[in-house]
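**Q**
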Amino acid sequence: MGTEIKRYKTITYVKLKQKRVCVECLPLIIFLRNRLKYALTGDEVKKICMQRFITIDGKVRTDITYPAGFMDVISIDKTGENFRLIYDTKGPCAVHRITPEEAKYKLYKVRKIFVVNDTIQIDLETGKITEFIKFDTGNLCMVTGGANLGRIGAITNRERHPGSFDVVHVKDANGNSFATRLIGKGNKAWISLPRGKGIRLTIAEERDKRLAAKRSSG
908 MGTEIKRYKT
918 ITYVKLKQKR
928 VCVECLPLII
938 FLRNRLKYAL
948 TGDEVKKICM
958 QRFITIDGKV
968 RTDITYPAGF
978 MDVISIDKTG
988 ENFRLIYDTK
998 GPCAVHRITP
1008 EEAKYKLYKV
1018 RKIFVVNDTI
1028 QIDLETGKIT
1038 EFIKFDTGNL
1048 CMVTGGANLG
1058 RIGAITNRER
1068 HPGSFDVVHV
1078 KDANGNSFAT
1088 RLIGKGNKAW
1098 ISLPRGKGIR
1108 LTIAEERDKR
1118 LAAKRSSG
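Residues 908 to 1125, numbered by the working numbering, are exactly what the sequence shown covers, in order.
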């Protein structure tokens, strides 16, 4: 009995080891074949990559297994398309289409240089820091791990617990509060947001939304 599995049974993202840490990544073969539907097989993906059409953060990538991660900018020179990998409330590695202007930079979470949990904006062409956001009350943040992964909201309060983790309280655009990487000063985000704007709906709210969409289309 073989060890192979059907493609439809495979997971939509893979936990791979990069140079920095073990993160949730989206290999180029999954991105081009499964997400964008630009290829049907791995060989077709390899032909696309070997023509040097694909860049990640401004660097050409020909390895079809190269793991693109959170906030990485993937550009396709042949079509002029740009995408950013971000989290949403449904899980990691959401492919979000962005403009050429937004494709010039990405956001990083600070660990040592500034203050821990601050966010910096880096120009992908020069590699220089262009701006930074303090981890302060009132700023917009995106949850990058745990049960609230992908949720977006404004920081309302930060509880400091010496010797343990600080607790950050966040309120989303619908007024729902939950108890966390900054992506914008005040209520303005530095990057464009996915369709759901990082708001997690309840089962009942999702049902009502689907019914309303069906009524409007009918």
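Note that CB positions come from ideal geometry on N, CA and C, so glycine has one too. Remember, it's a predicted structure, so these values are computed and weren't measured experimentally.
#1: Taking the alpha carbon of residue 1015 as the point to measure from, which residue in 1121, 1007, 958 and 1051 has its own alpha carbon closest?
#2: Helix or strand or just coil, what does DSSP make of residue 1124?
#3: I need the DSSP call for residue 952, collapsed to helix, strand or coil.
#4: So what does residue 884 bridge to, in DSSP terms?
#5: Along the chain, where does the beta strand (DSSP E) that runs through residue 1189 open and close?
#6: Assuming residue 938 is part of the beta strand (DSSP E), what are its boundary residues?
#7: How many angstroms separate the CA atom of residue 1008 from the CA atom of residue 986?
#8: Can you give me the Cβ contacts of residue 1012 inside the same chain, cut-off strictly under 7 Å, excluding the 5 residues immediately before and after it?
#9: For residue 1043, which beta-bridge partners are listed by DSSP?
#10: Determine which residues share a DSSP beta bridge with residue 989 and list them.
#11: Report the three-state DSSP secondary structure of residue 1014 (helix, strand or coil).
#12: Rounded to a whole number of angstroms, what is the C-alpha to C-alpha distance between residue 1124 and residue 959?
#13: What first and last residue would you give for the beta strand (DSSP E) that runs through residue 1028?
#14: What is the C-beta distance between residue 1057 and residue 996, in whole angstroms, given that I count them as a contact (C-beta under 8 Å)?
#15: Near residue 1116, which residues of its chain fall below 8 Å by C-beta distance, leaving aside the five closest residues on each side in sequence?
#16: Between residue 994 and residue 966, what straight-line distance do the alpha-carbon atoms span, to the nearest angstrom?
#17: Hey, would you say residue 978 sits closer than 8 Å to residue 991, going by beta carbons?
#18: I need the DSSP call for residue 1119, collapsed to helix, strand or coil.
**A** By the coordinates alone:
#1: 1051
#2: In this structure, residue 1124 counts as helix in the three-state DSSP scheme.
#3: Helix, per DSSP.
#4: The first residue shown for the chain is 908 and the last is 1125, placing residue 884 beyond what the model contains.
#5: No answer is possible for residue 1189: it lies beyond the span of the chain, which begins at 908 and ends at 1125.
#6: It is not in any beta strand (DSSP E) - residue 938 carries neither H nor E in the DSSP assignment.
#7: Straight through space, the alpha carbons of residue 986 and residue 1008 are spaced by roughly 16 Å.
#8: 1028, 1029, 1030, 1031 and 1037
#9: DSSP output for residue 1043 lists no bridge partner at all.
#10: 982 and 1005
#11: strand
#12: 42 Å
#13: It spans 1026-1030 - the beta strand (DSSP E) in which residue 1028 sits, taken as one unbroken run.
#14: 4 Å
#15: 1108
#16: 22 Å
#17: Residue 991 is positioned such that its CB atom lies closer than 8 Å to that of residue 978.
#18: In the structure shown, residue 1119 sits in a helix (DSSP, three-state: H, G or I).
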